[in-house]
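Novice: Counting in the working numbering, the sequence shown runs from 20 upward without gaps.
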Amino acid sequence: AFKAAVLIQQWYRRHVARLEMRRRCTWRIFQSIEYACEQDQIKLHNFFSYLMDQFMPSSSKERDFISRMFISGESYKEAELEKYCDYESIEVPDSYTGPRLSFPLLPDHATALLEAFQQKQQLHARYVLNLLHETRKHLKQLPNISHVSTCYSEEVTVCGDLHGQLDDLFLIFYKNGLPSPSKSYVFNGDFVDRGKQSLEILVVLFTFLLIYPKEVHLNRGNHEDHMVNLRYGFTKEVMQKYKVHGKKILRMFQNVFCWLPLATLIDQKVLIIHGGISDTTDLDMLEKIQRDKFISVLRMKKRKESSRKPEIQAINGESKSGTDAAGNEAAPRLSLQPQSAQAPSTANRLEFSRWLRQTVQEQIDTCRRLVDISESEPEELTYSSMVSLKDVDEPCWTRQEEWKQILDILWSDPMPQEGCRENKVRGGGCYFGPDVTEKFLEKYSLQFLIRSHECKQEGYEFCHNRKVLTIFSASNYYEIGSNRGAYVKLGPDLIPHFVQYQANKTAHMLTMTQRQGIPVVLISRVEESAFRALREKLFAHTSALISAFKAYDGDNTGRITLSNWATAVESVLRLGLPWRMLRPQLVRSTEGGMLEYKSWLDDLAMEQRSQEASTHPLPSKHDHIQSSLLEVIYRNRSNLETIFRIIDKDHSGLISFEEFQQTWKLFSSHMNIELTDDGINDLVRSIDFNKDGNIDFNEFLEAFRLVKQCP
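#1: Relative to the alpha-carbon of residue 112, which residue among 103, 504, 145 and 101 has its alpha-carbon at the smallest distance?
#2: Can you tell which of 158, 157 and 311 has the C-alpha that lies nearest to the C-alpha of residue 425?
#3: So is the beta-carbon of residue 601 under 6 Å away from any non-hydrogen atom of the ligand COA?
#4: Just tell me which of 240, 253, 224 and 453 has its CA closest to the CA of residue 189.
#5: Ordered along the chain, which non-local residues of its own chain (more than five positions away) have a Cβ less than 6 Å from that of residue 221?
#6: Thinking just about the alpha-carbon of each residue, which of 120, 548, 586 and 299 is nearest to the one in residue 152?
#7: Residue 143 to residue 230, Cα distance in whole Å?
#8: Whether or not the region 285-302 and the region 463-480 are in contact is what I'm after, with contact meaning three or more pairs of Cβ atoms, one per stretch, closer than 8 Å; do they touch?
#9: Is residue 217 closer than 7 Å to residue 256 when the C-beta atoms are compared?
#10: For residue 673, tell me which candidate among 716, 441 and 582 has the shortest Cα-Cα distance.
#11: Quick one: give me the first and last residue of the alpha helix (DSSP H) that residue 603 is part of.
#12: Please state the DSSP three-state secondary structure of residue 127.
#13: Pull up the distance between the alpha-carbon of residue 260 and that of residue 662, whole angstroms please.
#14: Taking Cβ positions, are residue 421 and residue 314 nearer each other than 7 Å?
#15: Please classify residue 206 as buried or exposed, where buried requires at least 16 other C-beta atoms within 10 Å of its C-beta.
#16: Alpha carbon to alpha carbon, what distance is there between residue 548 and residue 447?
#17: Using only the alpha-carbon positions, how far apart do residue 623 and residue 558 sit?
#18: Does the region 265-277 touch the region 163-182, meaning 3 or more C-beta pairs lie closer than 8 Å?
#19: How would you write the range of the beta strand (DSSP E) that residue 613 sits in, first residue to last?
#20: Would you report the Cα separation of residue 550 and residue 115, rounded to the nearest angstrom?
#21: Let me confirm a value: residue 711 is counted as buried when at least 16 other C-beta atoms fall within 10 Å, else exposed. Which label applies?
#22: Enumerate in chain order the residues of its own chain whose CB-to-CB distance from residue 31 is below 8 Å, with the five nearest sequence positions on each side excluded.
#23: What does a CB cutoff of less than 7 Å around residue 615 pick up in its chain, not counting 5 residues either side in sequence?
#24: Checking 7 Å against the spacing of the C-beta atoms, do residue 435 and residue 487 come in under that value?
#25: Which residue's Cα is closest to the Cα of residue 160: 175, 438, 612 and 278?
#26: Residues in the same chain with beta-carbon distance under 6 Å from residue 306, minus the five sequence neighbours each way, listed in chain order, please.
#27: Return the residue from the list 150, 603 and 553 that minimises the CA-CA distance to residue 219.
#28: Is the region 45-58 in contact with the region 592-605, if contact means three or more CB pairs nearer than 8 Å?
#29: Given a cut-off of 7 Å on the beta-carbon distance, is the pair residue 250 and residue 208 in contact?
#30: Please give me, in chain order, every unbroken run of the alpha helix (DSSP H) with length at least 4 that falls completely inside the region 231-278.
#31: In angstroms with no decimal places, state the Cα-to-Cα distance between residue 625 and residue 555.
#32: Answer yes or no: do residue 166 and residue 290 have a C-beta to C-beta separation smaller than 7 Å?
#33: Round the Cβ separation of residue 187 and residue 494 to the nearest angstrom and send it over; I've been treating them as touching at under 8 Å.
#34: Could you please give the first and the last residue of the uninterrupted beta strand (DSSP E) stretch that includes residue 450?
#35: State the DSSP-derived secondary structure class of residue 141, mapped to helix, strand or coil.
#36: If you follow the alpha helix (DSSP H) that residue 731 is part of, which residue opens it and which one closes it?
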């Protein structure tokens, strides 16, 4: 009996160890592919930024197109934004049966919204725009770093990423209670993208924010960025739900996102930021940055930066008249130096302050006369503008420095090693070590950091000697059963208490007998999904893999060792995965430890071709699409979709001939392709299959196919 017990114990331990190993491998696959996709997103927008800097428009039409394509995300002036998003002109029909909002909002409005969204009802566009208008007005009065105290409530609940998963938000409210004067919440960014109900989450959170402004606090995440939304689904979701007023709603969301606070501080001891910190993170600078300038953190306009540096130098008294640092003649600009009076000494603060106000007012008056702006539309005074004018002797930071501060706190991740280095895995932010955390906490007298940004299998995770806490609230993020969601509650003692959950309707319906097998069933389902995504990634790099395999196949036998297979695959995909461990799931037939790599790649192509036919049908005339072309489309599909949405500025799902022509000119100028206007016109007409004068996404893919086949 004793021997039998030992054998059973050994078997069980091996079984659990295998399950854990499978779980960890599956997790690494999902995470590696996710971060590689984020890296592609940043590379794509770096490419567009490069094009914008290098492309010289030759006509007013091209200049207008570039302006619409790249600069339409910039802030509107107050009067322009209100005129553009005139919600009062939108009528609500009598047939509308959804929830109705009136301002100021009351708790009953929030309850009605929750019930309506549970029943899959949609809020009318007028009320969405009205809500965004009021939310924007409120956010503009908030500081960059919100301050929360546990003295006024028993505890503060901190939630991490939700990513459009409304069921998780409902479950949090069910378990923890709705926001109220005695129930404070901090939502730490990434409310949108990936999930299908991002808009509903924002409507609910903004409603509670306006009802309980002292109890509900929202931080900005890296996905509260319209350039990221183009790729990860929020833009598409809004346009599908609001086909008539979607463009206005998107524009308002863009502006609201840039006014979200950057961080929250609890009892001056616990700092909550979305991503992390770096060795240059400066809370004093973060408090004074005009956060609304950064509509998209992915875009850092070098042209504007270069034109701003001389102004900063002029304020600090470093500018040389008429020349730049290299001795070249400077471009004409408005000078902040007075023409008729010498600046008084900064020793007399009152006199210097009067002089500065007078000088700034003179320059404002000059600008108004130049652009014919009357004084009847004064700009609303915001918290950021009050902070920036509060201390005239504060140092002036460059826009590059300010941008890096925001990029780091939204995109960074902790690492176990010491130091701080560039986050090449995500493509943005940095990796910071325990020594960086320790110095930062000591500098600002903090106890620990709370951040989100990373999916964790248990919904939360401590690192850096329990000084950094990651909280992630979107359960089943990669696949049903892949991870739990969690939130954390902090009382006056600031000791974290965690609540975990899994918003899975299927699991709740299982019997007790069925529940005993859940770990194995869920791991198998999640594992299958992960390997399906990995095989798609492998297929998308078929050509590069063939070249890598041939480097190990000197005799051209078509066969390589499994060890060489693993090395070659990592050299191409660079995902940092344990390929030898994953091999049994990816390579199912070998002879004598050798792999026939061409047959293996043919099997991958056959699998992806059948999957493409069922999920992403191309135009019927190309049903039997070539494997080489399908490979290229798989590798570039996300980028092509993002490019399509950038060009499609009205988000109608269609590109006009003129937009397509101007875009192709932009690309050809970068790739040194000589193509005449007649040639572009012939191309655009040839891919307009239905002859409706517009190009949809399938036709856009066809254009890519035609160009790819050109010699």
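Ideal Cβ positions, reconstructed from N, Cα and C, are used throughout, including at glycine. Small disclaimer: the values here were computed from a predicted structure and weren't measured.
Specialist: Considering the structure as presented:
#1: The residue given as residue 112 occupies position 93 in the sequence shown. Distance from the Cα of residue 112 is smallest, within the candidate group 103, 504, 145 and 101, for 145.
#2: Locating residue 425 in the sequence shown gives position 406, counting from the first residue. The candidate whose alpha carbon is nearest that of residue 425 is 311.
#3: Questions concerning the ligand COA fall outside what the structure shown contains, since it holds no ligand whatsoever.
#4: Locating residue 189 in the sequence shown gives position 170, counting from the first residue. Measuring from the Cα of residue 189, the nearest candidate turns out to be 224.
#5: As a first step, residue 221 must be located in the sequence shown, where it is residue number 202. Answer for residue 221: 210, listed in chain order.
#6: For this step, residue 152 is matched to residue 133 along the sequence shown. When only C-alpha atoms are compared, the closest one is 120.
#7: As a working note, residue 143 is residue 124 in the sequence shown. As a working note, residue 230 is residue 211 in the sequence shown. Take the alpha-carbon of residue 143 and the one of residue 230: they are about 20 Å apart.
#8: Contact holds: three or more Cβ-Cβ distances are below 8 Å.
#9: By one-based count along the sequence shown, residue 256 stands at place 237. By one-based count along the sequence shown, residue 217 stands at place 198. For the pair residue 256 and residue 217, the CB atoms are nearer than the 7 Å cut-off.
#10: What you label residue 673 is simply residue 654 of the sequence shown in a count that begins at 1. Ranking 716, 441 and 582 by Cα distance to residue 673 puts 716 first.
#11: The sequence position of residue 603 within the sequence shown is 584, counting from 1. Annotation: the continuous alpha helix (DSSP H) that includes residue 603 extends over 598-605.
#12: For the purposes of this step, residue 127 is taken as residue 108 along the sequence shown, with counting starting at 1. Three-state result, residue 127: helix.
#13: Reading the sequence shown from its first residue, position 241 is the one you call residue 260. Reading the sequence shown from its first residue, position 643 is the one you call residue 662. Between the alpha carbons of residue 260 and residue 662 lies a gap of roughly 21 Å.
#14: The residue labelled residue 421 in the question sits at position 402 within the sequence shown. The residue labelled residue 314 in the question sits at position 295 within the sequence shown. Cβ atoms of residue 421 and residue 314: not closer than 7 Å.
#15: For the purposes of this step, residue 206 is identified with residue 187 of the sequence shown, where counting begins at 1. Classification for residue 206: buried.
#16: As a working note, residue 447 is residue 428 in the sequence shown. As a working note, residue 548 is residue 529 in the sequence shown. In this structure, the alpha-carbon of residue 447 lies about 27 Å from that of residue 548.
#17: Here residue 623 refers to the residue found at position 604 when the sequence shown is read from its first residue. Here residue 558 refers to the residue found at position 539 when the sequence shown is read from its first residue. Each residue's alpha carbon lies about 6 Å from the other.
#18: The region 163-182 makes no contact with the region 265-277: fewer than 3 CB pairs, one atom from each, lie closer than 8 Å.
#19: Taking the first residue of the sequence shown as 1, we reach residue 613 at position 594. Per DSSP, the continuous beta strand (DSSP E) segment holding residue 613 begins and ends at 613-615.
#20: Translated into the one-based positions of the sequence shown, residue 550 becomes position 531. Translated into the one-based positions of the sequence shown, residue 115 becomes position 96. So the alpha carbons of these two residues sit roughly 45 Å apart.
#21: Counting from one through the sequence shown, the residue named residue 711 turns up at place 692. Exposure of residue 711 is indicated by the presence of fewer than 16 other C-beta atoms within 10 angstroms of its C-beta.
#22: Taking the first residue of the sequence shown as position 1, residue 31 is located at position 12. Excluding five sequence positions before and after residue 31, none of the CB atoms of its chain fall closer than 8 Å to its own CB.
#23: As a working note, residue 615 is residue 596 in the sequence shown. So the list reads 577 and 578, once near-sequence residues are dropped.
#24: Here residue 435 refers to the residue found at position 416 when the sequence shown is read from its first residue. Here residue 487 refers to the residue found at position 468 when the sequence shown is read from its first residue. Contact flag unset, no.
#25: For the purposes of this step, residue 160 is taken as residue 141 along the sequence shown, with counting starting at 1. Ranking the options by Cα distance to residue 160, first place goes to 278.
#26: As a position in the sequence shown, residue 306 is number 287, starting the count at 1. Answer for residue 306: 163 and 164, listed in chain order.
#27: Locating residue 219 in the sequence shown gives position 200, counting from the first residue. Of the listed residues, the one whose Cα sits closest to residue 219 is 150.
#28: The region 45-58, when compared against the region 592-605, does touch it at the 8 Å Cβ threshold.
#29: Translated into the one-based positions of the sequence shown, residue 250 becomes position 231. Translated into the one-based positions of the sequence shown, residue 208 becomes position 189. Not in contact: residue 250 and residue 208 (Cβ atoms no closer than 7 Å).
#30: Listed in chain order, the alpha helix (DSSP H) runs fully inside the region 231-278 are 245-251, 253-260 and 265-277, counting runs of at least 4 residues.
#31: Stepping through the sequence shown from its first residue, residue 625 is reached at position 606. Stepping through the sequence shown from its first residue, residue 555 is reached at position 536. Residue 625 and residue 555 have their C-alpha atoms spaced approximately 11 Å apart.
#32: As a working mapping, residue 166 is identified with position 147 in the sequence shown. As a working mapping, residue 290 is identified with position 271 in the sequence shown. In this structure, the beta-carbon distance from residue 166 to residue 290 does not fall below 7 Å.
#33: Residue 187 sits at position 168 when you count from the first residue of the sequence shown. Residue 494 sits at position 475 when you count from the first residue of the sequence shown. So it is a contact: roughly 6 Å between Cβ atoms.
#34: As a working note, residue 450 is residue 431 in the sequence shown. Residues 449-451.
#35: Residue mapping note: residue 141 aligns to position 122 of the sequence shown, counting from 1. Here residue 141 carries a coil assignment [DSSP, helix/strand/coil].
#36: No information on residue 731 is available, as it lies outside the stretch 20 to 730 that the chain covers here.
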